[in-house]
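Notes follow the structure.
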Amino acid sequence: MLLSPSLEPPVGNRLGAGVGSGVATGAAGRGAGFFGAAFFLTTFFLGADFFLTAFFLVALTTFFFATFFFAAFFLGAAFFFAFFLATMV
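The numbering of the sequence shown is this note's numbering, which starts it at 7 and goes up by one.
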């Protein structure tokens, strides 16, 4: 098979282009890959957790204050107009 030299399969125990052969390389690669995946997932989920916590705390607090002041405004307006109209009679 005549492929590019970098694509030729290694012959015997010869090392390829920067690629080790043997059990140790596979185990080290799997270990590094597992560590990388665990680190990425941990970082991702921690980041998502902090983001969602902050987002919902801010969103719920804002919603509460907006609703509270909205209701307080209309309640105040109702009392104002009630007393205003009562003084006009």
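The C-beta atom is built at its ideal place from N, Cα and C for all residues, glycine as well.
Backbone CA spacing between residue i and residue j [nearest angstrom]
{"i": "phenylalanine 76", "j": "threonine 68", "result": "12 Å"}
{"i": "alanine 72", "j": "alanine 34", "result": "56 Å"}
{"i": "phenylalanine 90", "j": "phenylalanine 50", "result": "58 Å"}
{"i": "glycine 42", "j": "alanine 78", "result": "53 Å"}
{"i": "phenylalanine 86", "j": "phenylalanine 80", "result": "10 Å"}
{"i": "phenylalanine 40", "j": "leucine 52", "result": "18 Å"}
{"i": "arginine 36", "j": "phenylalanine 45", "result": "14 Å"}
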